[in-house]
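Undergrad: Here's a structure for you.
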Amino acid sequence: MNTEQVRNDFPLLAANPHLAYLDNGATTQKPAAVIRAVEDFYEKANANPLRGLYDLSQEATERYEEAREAVRGFINAAAAKEIIFTRNATESLNLLAYSLGEDLREGDEIALTVMEHHSNLIPWQQLAKRKGLRLNWISCGRCGVITEEAVRAAVTDRTKIVAMTQMSNVLGTVNDVKTFAAIAHEKGALFVCDGAQSVPHMPVDVRALGVDFLAFSGHKMLGPMGIGVLYGREELLSKMQPFLFGGEMIEYVTREDATWAELPHKFEAGTVNAADAAGLKAAIECYGRYGFHEIVKREEELGEYAFSVLKSVPHLTILGADEAAAHHGIFSFVLEGVHPHDIAEILNADGVCIRAGHHCAQVLMKTLGVPSTVRASLSFYNTEEEIDRLGESLRTVRRRMGYAE
Amino acid sequence: MNTEQVRNDFPLLAANPHLAYLDNGATTQKPAAVIRAVEDFYEKANANPLRGLYDLSQEATERYEEAREAVRGFINAAAAKEIIFTRNATESLNLLAYSLGEDLREGDEIALTVMEHHSNLIPWQQLAKRKGLRLNWISCGRCGVITEEAVRAAVTDRTKIVAMTQMSNVLGTVNDVKTFAAIAHEKGALFVCDGAQSVPHMPVDVRALGVDFLAFSGHKMLGPMGIGVLYGREELLSKMQPFLFGGEMIEYVTREDATWAELPHKFEAGTVNAADAAGLKAAIECYGRYGFHEIVKREEELGEYAFSVLKSVPHLTILGADEAAAHHGIFSFVLEGVHPHDIAEILNADGVCIRAGHHCAQVLMKTLGVPSTVRASLSFYNTEEEIDRLGESLRTVRRRMGYAE
Amino acid sequence: MQNSFYREIVNDHNLRPTHKHELKNANLTLRGVNPSCGDDICLSLFVKDGVIGDGAFTGDGCAISQASADMMLDLVIGKSEEEAVSLAEAFFRMIKGEARPDEIEMLEEAGALSDVSHMPARVKCAVLSWHTLKNLIEK
Amino acid sequence: MQNSFYREIVNDHNLRPTHKHELKNANLTLRGVNPSCGDDICLSLFVKDGVIGDGAFTGDGCAISQASADMMLDLVIGKSEEEAVSLAEAFFRMIKGEARPDEIEMLEEAGALSDVSHMPARVKCAVLSWHTLKNLIEK
Ligand SMILES: Cc1ncc(COP(=O)(O)O)c(C=O)c1O
Ligand SMILES: Cc1ncc(COP(=O)(O)O)c(C=O)c1O
Chain Y
4 MNTEQVRNDF PLLAANPHLA YLDNGATTQK PAAVIRAVED FYEKANANPL RGLYDLSQEA
64 TERYEEAREA VRGFINAAAA KEIIFTRNAT ESLNLLAYSL GEDLREGDEI ALTVMEHHSN
124 LIPWQQLAKR KGLRLNWISC GRCGVITEEA VRAAVTDRTK IVAMTQMSNV LGTVNDVKTF
184 AAIAHEKGAL FVCDGAQSVP HMPVDVRALG VDFLAFSGHK MLGPMGIGVL YGREELLSKM
244 QPFLFGGEMI EYVTREDATW AELPHKFEAG TVNAADAAGL KAAIECYGRY GFHEIVKREE
304 ELGEYAFSVL KSVPHLTILG ADEAAAHHGI FSFVLEGVHP HDIAEILNAD GVCIRAGHHC
364 AQVLMKTLGV PSTVRASLSF YNTEEEIDRL GESLRTVRRR MGYAE
Chain P
4 MNTEQVRNDF PLLAANPHLA YLDNGATTQK PAAVIRAVED FYEKANANPL RGLYDLSQEA
64 TERYEEAREA VRGFINAAAA KEIIFTRNAT ESLNLLAYSL GEDLREGDEI ALTVMEHHSN
124 LIPWQQLAKR KGLRLNWISC GRCGVITEEA VRAAVTDRTK IVAMTQMSNV LGTVNDVKTF
184 AAIAHEKGAL FVCDGAQSVP HMPVDVRALG VDFLAFSGHK MLGPMGIGVL YGREELLSKM
244 QPFLFGGEMI EYVTREDATW AELPHKFEAG TVNAADAAGL KAAIECYGRY GFHEIVKREE
304 ELGEYAFSVL KSVPHLTILG ADEAAAHHGI FSFVLEGVHP HDIAEILNAD GVCIRAGHHC
364 AQVLMKTLGV PSTVRASLSF YNTEEEIDRL GESLRTVRRR MGYAE
Chain L
33 MQNSFYREIV NDHNLRPTHK HELKNANLTL RGVNPSCGDD ICLSLFVKDG VIGDGAFTGD
93 GCAISQASAD MMLDLVIGKS EEEAVSLAEA FFRMIKGEAR PDEIEMLEEA GALSDVSHMP
153 ARVKCAVLSW HTLKNLIEK
Chain G
33 MQNSFYREIV NDHNLRPTHK HELKNANLTL RGVNPSCGDD ICLSLFVKDG VIGDGAFTGD
93 GCAISQASAD MMLDLVIGKS EEEAVSLAEA FFRMIKGEAR PDEIEMLEEA GALSDVSHMP
153 ARVKCAVLSW HTLKNLIEK
């Protein structure tokens, strides 16, 4: 992979050579191909898809459905109708909580890990509150490793749903969802996988993993902001109740009741965001063009480098695993005596963009015993030079905050 | 208004001079300024808004919040925090049904009109089913007029919510929501206004109208596809439970429970669609540049013309009011002996884009006694010449379908 | 292409259908509906010893759905149930654009609908009667 | 600008605060929190005859929130409750970029935080202690 060439594909990176954008876990930059695909939709194919009987609307529909097929291929789903377009991973997970929640009864249990992003935590927690369900917490050690024992301890015969992220957005650890999905199935529970961080950074094959549902966001994988995905096994989706009502998700409507359209439309209420779906397809094509294998290799390289640079900064502690490979390009750390927000401020002054805070994972923060951390998260388009600048800037922070050294 | 100049602002229209796009009720075409605003966000300001402490994220946040302020001004809301960004009108209305639904009890009543779009009908209907509520239907005559008596007959002391569209997407009639909101308030009910069709085509002032909530979509008013709006009075929104959970909508999260962020964030879960919000702001600026007064005047002119052209087509019946002004550029009609889908097909062959079907208003179709209609819906950028082509094409339909004449 | 789509043959079957009426001696009846466009047909057959002795339909819908039903009945009346099902399969293949020329030949006048393979929005209209036929025979 | 933001004065109050300790004779105490960044302070005052006789704070947070609290106490100890509230108002105006030069003058060292008016993400940190003070006095 020729990083310099790659960076030229990203207008914002090309225009800002002095900016080290290291907040890729929050959202990635967009290649020109993605921006152009959205633009091209509006300039050549803009119409309300699915509803029109004229060529322009057919074209809009085709682009939309081609995007669905591209997503299907990307995660190796069995059928395109198993791909539901949503706004983002958060909406996908809420859809699940509302829709699967319909069938849960008081006393049923939901197992979830302490490392979940709020988007895969609060929907289940609030569902549990509304319906009198029990939440079983799957704990992780300080390294962020979830063991089979921890999962077995939390998943009982009353467990109906196991919700788990495939990659922690704070520690970068990857959970063995294949094994854990099998445990869930042994107990008759469904396995909901949050792929918001994993899908952009490692090949994810829903059938090989055996997960029942997978949620992720386009904007974290080079795509536009308005599109997310919920994958679900057809057999399950077809039995589930729709979540949002209106638009093309119906079959018949009378005053008293309504029946629902077939998959995937049953879960896509209102005018769909075909333009951003087309953008997501272009993003997936970029993965193909760069090569996922190359991307993973490059991100591993950069991760190794970043780990060693961060380790060499005095007073700095990396949270989670003590080896680069376990971080998958996501590094949360603290610097003795300096609040993460002050670090972010100083790094910003040096043109280094990182995140500071609880990273929408307050339960994990509590487990780790820190109120907040700094997080640097990498993408294949980052460079060693940017990581050097991160390191250099970090070395000056304590001095600039008034510490003798 | 110089229509030729205006059309040059719309890349799709400029590139397809032989296409008569008359399906504006479904979605409008996008001016270059809107497409550029989305592009510009991705090229110059792309970061996850609200979460970052660096300049790029600040820039993203500012563009997002400026868009909120632009929407506030457009509908004259009292405060920007009364503007919730959603995906589309459908999501806005579902948010309301779920969130307001929390406080409703068995036996409570919801009043809604028979002319509602499914997006403002099924959410309430399904809520009623789940909670044992009663739906009171507000009827309209064949002209699509809703009288004060009809509203008073349906709104009782047990009515908690009145849901009504300001403009029918089938008949084009405008309901006197100011009067009807006052009736709702007399009875202690909340008034939910569906502005999906009205906000794009007439100045809407939420405070002058006195509505409690207003839902609309960006894509029907020159904006991008991924953004919608829910306006709500602050006093009401601040008491309501959030709908989607995760992301920046929280304050504290523990294993057991969570507390919510302030308005408007409480209702905006997950990564927000700042790029499309910026596009919506650009759309609102286009309204300002063309002048809403000019737009309305031009659409009235075109409406008059279309009405007279349609009236002159043999065997054609326009549904609803028998005067142009009551249609606000939306004309549903049937042609004796020819199914609407066949008409759409033939018009498409002549380069005329219209819609055929039930227009997501099956309850209204039943009331009108037709299974489906053809709908032509105008925008200020349409031309008399396009309407002529619609008329000419329609005149040939019966012959082309094999009728002697 | 679409301009020439409403050819005489389709228009004829739509405006002057041979088989659009009630069928008094029907022993098999099934309703088929396309909710999204409102096509709604009721198909009746009189089947004896595995052979379709007679057939008719009633209902409403676009020209394509109506003509398709009428042409289908022209074709299957007098045929065995197996033959009818294999004609339906050939028809579905044609609509997907996957039929061989000899299959389209076999469909006689119904072959006039082969253009529908380029009109995704109308596929449902064309296949409605054939799906209804297949369901009726197979269940 | 941000580069020079962590000036000696802010760093000093952050690293070597005068008023960060428990206050034994406190008769007014209130906790103030910024959930989004985790700033968390507990402000204690000893107020007699409408005058702030003493004050202190404990808690955690970024340098801005900590320094702001310390500088605030430097300023308001010995002042009347009314004076403290009007200083708070002046501080809020400064952070909004709306204060007059003489108001910023009045805020003494706390005026060092005027740059926060260009840093929307840090506004909450700077005003936390002042909001807590105002709430404490007014309720
Ligand atoms: C009156 C009315 N309400 C609601 C909607 C739903 O809008 P959307 O599909 O953008 O959510 C529409 C348009 O389809 C409409 O015309
Ligand atoms: C693990 C994980 N899950 C869910 C989300 C939510 O994604 P979004 O904000 O795009 O809905 C994120 C990112 O914020 C994440 O990192």
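Protein chains in written order, with this note's numbering: chain Y, 4 to 408; chain P, 4 to 408; chain L, 33 to 171; chain G, 33 to 171. Even glycine gets a Cβ: it sits at the ideal position worked out from N, Cα and C. Please read these numbers as outputs of a predicted model, since none were measured by experiment.
Under a CB-based cut-off of 7 Å, is Ala95(G) close to chain P?
TA: Chain P, which has no Cβ nearer than 7 Å to the Cβ of Ala95(G), makes this no.
Undergrad: With distances taken Cα to Cα, identify the nearest neighbour of Tyr67(P) among Val275(P), Asp208(P), Leu371(P), Gln32(P).
TA: Checked all of Val275(P), Asp208(P), Leu371(P), Gln32(P); the closest Cα to Tyr67(P) is Val275(P).
Undergrad: For the alpha helix (DSSP H) holding Val366(Y), just list the boundary residues, first then last.
TA: Counting along the chain, the alpha helix (DSSP H) containing Val366(Y) begins and ends at 365-371.
Undergrad: So, are the CB atoms of Asn437(Y) and Leu305(Y) less than 7 Å apart?
TA: For chain Y, the structure presents residues 4 to 408; residue 437(Y) sits outside this window and is missing.
Undergrad: Use the C-beta contact count for Cys146(P): other C-beta atoms within 10 angstroms, 16 or more gives buried, fewer gives exposed.
TA: Classification for Cys146(P): exposed.
Undergrad: Using a C-beta to C-beta distance shorter than 9 Å, which residues of chain L count as neighbours of Met4(P)?
TA: Correct list: empty, because the minimum Cβ distance to chain L is about 34 Å.
Undergrad: Using 8 Å for Cβ pairs, my map puts Gly226(P) next to His121(Y). What's the rounded Cβ distance?
TA: At roughly 29 Å, the Cβ-Cβ gap does not stay under 8 Å, so Gly226(P) and His121(Y) are not in contact.
Undergrad: Does any residue of chain G bring its CB to less than 7 Å from the CB of Leu56(P)?
TA: Yes, because at least one Cβ of chain G sits closer than 7 Å to the Cβ of Leu56(P).
Undergrad: Using a Cβ-Cβ cutoff of 7 Å, what residues of the segment 55-80 of chain G are near chain P? List them in chain order.
TA: Flagged, chain order: Pro67.
Undergrad: For His362(P), which of Ser68(L), Arg63(L), Glu54(L), Leu55(L) has the nearest alpha-carbon?
TA: Measuring from the Cα of His362(P), the nearest candidate turns out to be Ser68(L).
Undergrad: Write down every uninterrupted run of the alpha helix (DSSP H) in the segment 90-155 of chain L whose length is 4 residues or greater and which is fully enclosed by it, in chain order.
TA: The segment 90-155 of chain L contains these whole alpha helix (DSSP H) runs: 95-108, 113-127, 133-138.
Undergrad: Taking a contact to mean a Cβ-Cβ separation below 7 Å, would you say Ile84(L) touches Val117(L) in this structure?
TA: Contact flag unset, no.
Undergrad: What separation, rounded to the nearest whole angstrom, lies between the Cα atoms of Thr169(Y) and Ser201(Y)?
TA: Looking at the sequence provided, one finds Gln at residue 169(Y) rather than Thr. C-alpha separation (whole angstroms): 6 Å.
Undergrad: Hey, Asp353(Y) and Ser396(Y) are a contact pair by Cβ (cut 8 Å); roughly how many whole angstroms apart?
TA: Right, the Cβ-Cβ distance comes to about 4 Å (below 8 Å), so this counts as a contact.
Undergrad: Work out the CA separation of Gly129(G) and Glu115(G) for me, nearest whole Å.
TA: Each residue's Cα considered, the two are about 21 Å apart.
Undergrad: Let me see if you follow: with CB-CB separation under 7 Å, is Asn385(Y) close to chain P or not?
TA: Not closer than 7 Å to any Cβ of chain P, the Cβ of Asn385(Y) fails to qualify, so no.
Undergrad: What does DSSP give as the partner residue(s) for Asp86(L) in the beta ladder?
TA: DSSP lists Phe78(L) as partners of Asp86(L).
Undergrad: With distances taken from CA atoms, which of Ala29(P), Glu271(P), Phe88(P), Thr376(P) is nearest Leu283(P)?
TA: Comparing Cα-Cα distances from Leu283(P) to each of Ala29(P), Glu271(P), Phe88(P), Thr376(P), the minimum goes to Phe88(P).
Undergrad: Hey, is the segment 360-374 of chain Y in contact with the segment 62-82 of chain G, meaning 3+ C-beta pairs nearer than 8 Å?
TA: Enough Cβ pairs lie closer than 8 Å, so yes.
Undergrad: Based on DSSP bridge pairs, tell me the residues matched to Gly360(P).
TA: Thr376(P), per the DSSP bridge assignment.
Undergrad: Kindly list the residues whose CB is nearer than 8 Å to the CB of Val108(G), restricted to its own chain and excluding five residues on each side of it in sequence; keep chain order.
TA: Hits under 8 Å: Ile84, Gly87, Glu115, Ala116, Leu119, Leu165.
Undergrad: Hey, could you find the ends of the beta strand (DSSP E) Arg137(P) is sitting in?
TA: Counting along the chain, the beta strand (DSSP E) containing Arg137(P) begins and ends at 137-141.
Undergrad: Using only the heavy atoms of ligand 2, determine whether one of them is closer than 6 Å to the beta carbon of Asn276(Y).
TA: No; taking the cut-off as 6 Å, the Cβ of Asn276(Y) has no heavy atom of ligand 2 nearer than that.
Undergrad: To the nearest angstrom, how far is the alpha carbon of Ala328(Y) from that of Tyr57(P)?
TA: Those two C-alpha atoms are separated by around 28 Å.
Undergrad: Give me the DSSP bridge partner(s) of Lys166(G).
TA: Beta-bridge pairing links Lys166(G) to no other residue.
Undergrad: If the cut-off is 9 Å on Cβ atoms, which residues from the segment 241-261 of chain P count as contacting chain G, listed in chain order?
TA: Result list: Glu251, Ile253, Glu254, Tyr255.
Undergrad: Can you find a C-beta in chain Y that's less than 7 Å from the C-beta of Lys84(P)?
TA: Judged by the 7 Å Cβ criterion, Lys84(P) is not in contact with chain Y.
Undergrad: Please classify Pro3(P): is it buried, with 16 or more other beta-carbons within 10 angstroms of its beta-carbon, or exposed?
TA: Given that chain P is displayed from residue 4 to residue 408, the structure contains no residue 3(P) and the question cannot be resolved.
Undergrad: Report the neighbours of Ala153(L) on chain Y: residues whose CB is nearer than 7 Å to its CB, in chain order.
TA: In chain order: Leu56, Gln61.
Undergrad: Per the DSSP calculation, Ala261(Y) is bridged to which residue(s)?
TA: According to DSSP, Ala261(Y) bridges with Val256(Y).
Undergrad: For the beta strand (DSSP E) that contains Phe194(P), what are its first and last residues?
TA: That run of the beta strand (DSSP E) goes 193-197.
Undergrad: Measure the C-alpha to C-alpha separation of Ala277(P) and Pro52(P) and round it to an integer number of angstroms.
TA: Near 7 Å, if we compare the C-alpha coordinates of Pro52(P) and Ala277(P).
Undergrad: Skipping 5 residues on each side, what residues in its chain have a beta carbon closer than 7 Å to that of Ala23(P)?
TA: For Ala23(P), where only same-chain residues beyond five positions count, the Cβ hits under 7 Å are Gly354, Val355, Cys356, Glu389, Arg392, Leu393.
Undergrad: Assuming Leu381(Y) and Ala309(Y) form a contact by the criterion Cβ under 8 Å, report the distance between their Cβ atoms to the nearest whole angstrom.
TA: Going by Cβ atoms, the distance from Leu381(Y) to Ala309(Y) rounds to 6 Å, so yes, they are a contact pair.
Undergrad: Using a C-beta to C-beta distance shorter than 7 Å, which residues of chain B count as neighbours of Pro227(P)?
TA: Absent here is chain B; the protein component of the structure consists of chains Y, P, L and G.
Undergrad: Return no unless some Cβ of chain L is closer than 7 Å to the Cβ of His222(P).
TA: No, His222(P) lies away from the interface with chain L (no Cβ there is under 7 Å from its Cβ).
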